[in-house]
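One structure is given below, encoded as structure tokens.
Residue numbers (my numbering): 5 to 351.
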């Protein structure tokens with residue numbers, strides 16, 4: 005595989021996606037908010053749901069770019085979050101959202117990369133270039149993982165896949181979410197009806213929330229603006245999930261998650277995320293961004309990634325994966341962290 009070139013995303017003071025862990029842990033480890041009276045029943049439900057959501061890749065236990073198997077509980081790893089637009093009947097769909105999350109439990113580093121859906125990339129399944137969101141249509145989860153690995157020359161160890169219907173259903177089970185709309189806009193929903201958004205705070209049901217995160221054309225920042233709205237929705241889901249306080253509601257949310265998610269992360273590894281999150285919840289997450297330019301090829305729009313930017317992003321992910329010493333001292337009462345030492349030996 006040829007190494008490509010990639011870019012480092014600027015670190016921001018606010019990091020909405022640090023709530024990503026809260027979403028997973030709250031929904032899969034709901035016992036922490038459910039209450040002791042029915043914790044055992046909830047734990048039993050979680051176990052059954054997790055077993056039904058587990059789906060191993062046919063590549064085996066490790067990425068082709070790994071010499072040895074890694075585990076989420078103790079090794080630096082990557083997790084690819086796929087949101088699939090599976091709402092068209094008899095159509096496999098394409099990935100509407102691709103988030104690559106890099107975690108290092110040793111150095112306590114977390115980096116998040118949003119890959120624009122129109123990124124022009126080599127698709128191993130068809131041995132030619134296309135939009136990276138088409139990789140799912142050609143090769144499902146495995147095809148998407150291979151395309152991301154080819155783009156960045158980094159291993160993808162784990163994946164979590166959900167469909168747009170699952171996103172909608174979970175929000176409806178939570179009773180809706182509240183978001184801050186950045187500006188006035190309208191967006192067609194799955195039933196070809198307009199949903200109107202007004203700047204400021206709005207409460208959204210599942211249908212409206214889906215329209216909120218899907219809009220691109222009216223956003224002056226295109227995919228990057230949409231990525232920020234997706235992160236806003238994730239944060240709102242986490243806030244609402246944390247407030248669950250009844251057995252019936254918690255049970256329904258867990259079952260809805262299980263019906264709409266597929267992953268190669270086993271339950272015991274999800275449990276290991278809890279300790280990791282407690283250690284890094286007050287620190288800033290690093291954001292990575294692939295720089296590039298808009299391009300029309302045969303009257304089709306693509307986002308052409310900059311090769312140097314790809315190299316930089318890939319280098320930063322590889323650095324985090326190979327770091328073996330603590331890079332930051334974390335004060336649980338402070339959102340800032342101080343650099344101490346680091347091993348950036350790359351394999």
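All C-beta atoms in this analysis are idealised placements derived from N, C-alpha and C, irrespective of residue type, glycine included.
Item: Continuous alpha helix (DSSP H) stretch holding residue 75: start and end; Value: Per DSSP, residue 75 belongs to no alpha helix (DSSP H) and is neither H nor E.
Item: First through last residue of the alpha helix (DSSP H) which encompasses residue 308; Value: From DSSP, residue 308 is part of no alpha helix (DSSP H) but of the beta strand (DSSP E) over 304-309.
Item: Proximity of residue 104 and residue 280 at Cβ, strictly below 9 Å; Value: no
Item: Under the three-state DSSP convention, the category residue 175 falls into; Value: helix
Item: Under 9 Å between C-beta atoms of residue 4 and residue 321; Value: What the structure shows of the chain is the stretch from 5 to 351, and residue 4 is not part of that stretch, so it cannot be assessed.
Item: Residues of its chain near residue 260, where Cβ-Cβ distance is below 8 Å and the 5 sequence neighbours each way are ignored; Value: 170, 173, 174 and 177
Item: Pairwise C-alpha distance: residue 167 and residue 299; Value: 28 Å
Item: 8 Å contact criterion, which residue 146 and residue 208 should meet: CB distance rounded; Value: In fact, because the Cβ distance is near 33 Å, the residues do not count as touching under 8 Å.
Item: Touching by the beta-carbon criterion (3+ pairs, under 8 Å), the segment 290-308 and the segment 202-222; Value: no
Item: Residue environment, residue 123, which counts as buried when at least 16 other CB atoms sit within 10 Å; Value: buried
Item: Bridge partners - residue 191, DSSP secondary structure assignment; Value: 199
Item: Pairwise C-alpha distance: residue 215 and residue 244; Value: 19 Å
Item: Residue 317, DSSP secondary structure in three states; Value: helix
Item: Of the listed residues 71, 96, 315 and 296, nearest to residue 227 (C-alpha basis); Value: 296
Item: Spatial distance of residue 110 from residue 184 (CA atoms); Value: 35 Å
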